[in-house]
Each structure stands twice: as C-alpha cells, then as structure tokens.
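*Asks:* Residue numbers (our numbering), protein chains in the order written: chain H, 15 to 127; chain X, 473 to 585. Heads up, the beta-carbon is just placed ideally off N, CA and C, and yes, glycines get one too. Remember, predicted model here, so these are calculated numbers, not experimental data.
1) Cβ of residue 533(X) less than 8 Å from any chain H Cβ?
2) On a CA-only basis, which of 100(H), 115(H) and 101(H) is nearest residue 107(H)? Give me that one, please.
3) List the residues of chain H that residue 547(X) touches, going by C-beta distances under 8 Å, in chain order.
4) Considering Cα atoms alone, identify which of 43(H), 17(H), 123(H) and 20(H) is closest to residue 68(H).
5) Just how far apart, CA to CA, sit residue 45(H) and residue 488(X)?
6) Please state whether the Cβ-Cβ distance between residue 551(X) and residue 537(X) is less than 8 Å.
7) Since residue 563(X) and residue 504(X) are thought to touch, with beta carbons under 8 Å apart, how far apart are those beta carbons, to the nearest angstrom?
8) Using only CA atoms, which one of 476(X), 534(X), 522(X) and 532(X) lies nearest to residue 540(X)?
9) Using a C-beta to C-beta distance shorter than 7 Å, which residues of chain X count as neighbours of residue 119(H)?
10) Please confirm whether residue 536(X) has its beta-carbon closer than 8 Å to some beta-carbon of chain H.
11) Between the region 572–580 of chain X and the region 54–61 of chain H, do three or more beta carbon pairs fall short of 8 Å?
12) Return no unless some Cβ of chain X is closer than 8 Å to the Cβ of residue 64(H).
13) Please classify residue 118(H) as buried or exposed, where buried requires at least 16 neighbouring CB atoms within 10 angstroms.
14) To the nearest angstrom, how far is it from the Cα of residue 72(H) to the Cα of residue 63(H)?
15) Does residue 52(H) come out as helix, strand or coil in the three-state DSSP assignment?
16) Output needed for residue 52(H): all residues of its chain with C-beta closer than 7 Å, excluding positions within five of it in sequence on either side, in chain order.
17) Return no unless some Cβ of chain H is closer than 8 Å to the Cβ of residue 578(X).
18) Tell me whether residue 65(H) counts as near the ligand SAM, meaning its Cβ is closer than 7 Å to at least one heavy atom of that ligand.
19) What residue does the beta strand (DSSP E) around residue 21(H) start on, and which one ends it?
20) Can you pull the chain H neighbours of residue 573(X), defined as C-beta to C-beta under 8 Å?
21) Tell me the residue span of the beta strand (DSSP E) that contains residue 523(X).
22) Is residue 98(H) near residue 29(H), with beta carbons less than 8 Å apart?
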C-alpha cells in the first residue's frame with residue numbers, strides 16, 4: 015500500500031520569505047510518479063508538477079522548486095520569495111502502477127502581507 | 473474547453489435519500505476517478521475506472537456505486553445518504569499512463585443532514 019505524509023499541517027510566513035513543504039512517501043513499486051497540487055481558497059485543484067521515480071533531477075519553475083531524493087523517499091517543495099497569492103493548501107500525491115493516486119493530508123500555507 | 477464538469481456544485485440531502493453526482497469530461501480520457509476531501513485527511517479515492525465498462529474500488533468505496541457506460545461520463549451514486557458522507561467530492565480524469573497528471577473538476581460540496 016502507498017502512503018504519503020505531509021508532516022506540516024500549517025505554515026505561516028511573511029511575504030517574501032521562503033517556505034519549504036515536506037513530503038515523504040512509502041511505496042513498494044519500483045516505478046511510480048509523484049505530484050504536487052495547489053488548492054487555493056476558491057477550492058479547485060491545480061496541478062503543479064509531476065516527477066517519475068527515475069528522474070531525480072531537481073526542478074525550478076519560476077519561484078517554485080522541487081527537491082526529489084529517492085534515498086530518503088522525499089519530494090519537497092520550496093516557494094521562494096512567497097507572495098500573498100501563494101496562500102493555499104498544497105498536496106503531495108503518489109501514483110502507483112495500478113492507477114491509484116494517494117494524497118497526503120495537505121499543508122495549509124498562509125502568506126501575510 | 474470544458475475539461476472535467478461536475479454537477480451539482482452544492483447539494484443538501486436528508487439521511488437516507490439517494491443521489492447521483494454527475495461527472496463528464498470532453499478530453500477523451502480513459503481514466504476517471506472519484507475522491508472525497510475531508511478536513512485534515514487530504515483526498516481519498518472512492519472508485520476509479522480505467523475505461524468504459526471497467527470500474528474498481530478505491531480506498532473508501534462503502535456506500536457508493538459507480539458505472540462507466542461511456543468514456544465521457546462517470547456518475548457517483550449514493551444509495552442511502554449518511555451524515556458521514558458529508559464532504560467535498562472531486563472527479564478527475566487523465567490520459568492512459570501513470571505519468572499523466574489528473575485533471576480535476578471543481579468539486580461538489582455535499583451536506584447530509
């Protein structure tokens with residue numbers, strides 16, 4: 015069975031601070047995919063990034079960056095120079111070979127002006 | 473593009489009533505799924521389908537039925553609503569292959585009194 019743990023329930027920062035969201039996963043599959051989704055206050059789920067288990071390169075997209083470390087089963091997400099618009103719930107998710115997507119409990123990020 | 477469309481957006485039911493939540497996608501995706509989102513628990517998979525005529529159970533299937541008679545539609549049925557089924561329900565679809573991100577609908581907020 016798969017499991018995704020997001021240990022941080024809530025994070026509150028002041029605008030322009032950096033914030034890192036932790037994600038640790040468990041799976042017996044050798045091939046799997048990891049995702050991050052954003053859920054703003056409006057409620058929709060927005061896809062941010064996909065990473066497969068064979069690609070451990072870090073990725074940067076604007077102010078967002080992701081650090082995938084297979085050795086520690088972690089897929090952490092950093093927002094650099096946070097903005098108020100980054101306030102949302104962020105979910106880490108793991109997709110197994112049987113098409114089942116397992117979500118972490120989510121981390122609520124609040125960015126204060 | 474409509475993407476994934478869920479109806480209704482809001483619904484209030486009485487305990488014991490039955491209801492169908494509708495989900496339709498216009499992207500010719502083979503894979504569709506239903507999740508429920510509860511506070512502090514992330515999204516949990518209820519049922520999923522890898523193609524027309526094929527459905528399977530997810531993590532929390534009890535109390536829900538699904539069918540997949542067409543590629544486009546994947547309705548979720550509550551046979552006898554219970555207060556424990558009060559939640560926000562999301563439908564998602566994706567292309568075949570584990571590396572494809574799931575496209576989510578905007579959600580249905582369901583309250584059972």
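*Replies:* Per the coordinate set shown:
1) Cβ-Cβ to chain H under 8 Å: no for residue 533(X).
2) It is 115(H).
3) What residue 547(X) touches in chain H: nothing, since even the nearest Cβ is about 19 Å away.
4) Taking only the C-alpha atoms, the option nearest residue 68(H) is 43(H).
5) Taking the CA atoms as reference points, residue 45(H) sits about 43 Å from residue 488(X).
6) Yes, the pair counts as a contact, with Cβ atoms nearer than the cut-off.
7) Confirmed, about 7 Å.
8) Out of 476(X), 534(X), 522(X) and 532(X), 522(X) has the C-alpha closest to the C-alpha of residue 540(X).
9) Here the neighbours are 512, 513 and 514.
10) No, its Cβ sits nowhere closer than 8 Å to a Cβ of chain H.
11) Result yes; three or more Cβ-Cβ pairs closer than 8 Å.
12) Against chain X, the CB of residue 64(H) has a partner CB under 8 Å away; the residue lies at that interface.
13) Buried is the call here.
14) The straight-line gap from Cα to Cα measures roughly 11 Å.
15) In the structure shown, residue 52(H) adopts extended strand secondary structure according to DSSP, grouped into three states.
16) Excluding positions up to five away in sequence, the list reads 60, 62, 102 and 104.
17) True, the Cβ-Cβ gap to chain H drops below 8 Å.
18) The ligand SAM is not part of this structure, which contains no ligands at all.
19) Here residue 21(H) belongs to no beta strand (DSSP E), and DSSP marks it neither H nor E.
20) At a beta-carbon threshold of 8 Å, the residues of chain H lying near residue 573(X) are 49, 61 and 64, ordered along the chain.
21) For residue 523(X), the enclosing beta strand (DSSP E) stretches over residues 515–523.
22) Using a Cβ distance threshold of 8 Å, residue 98(H) and residue 29(H) count as a contacting pair.
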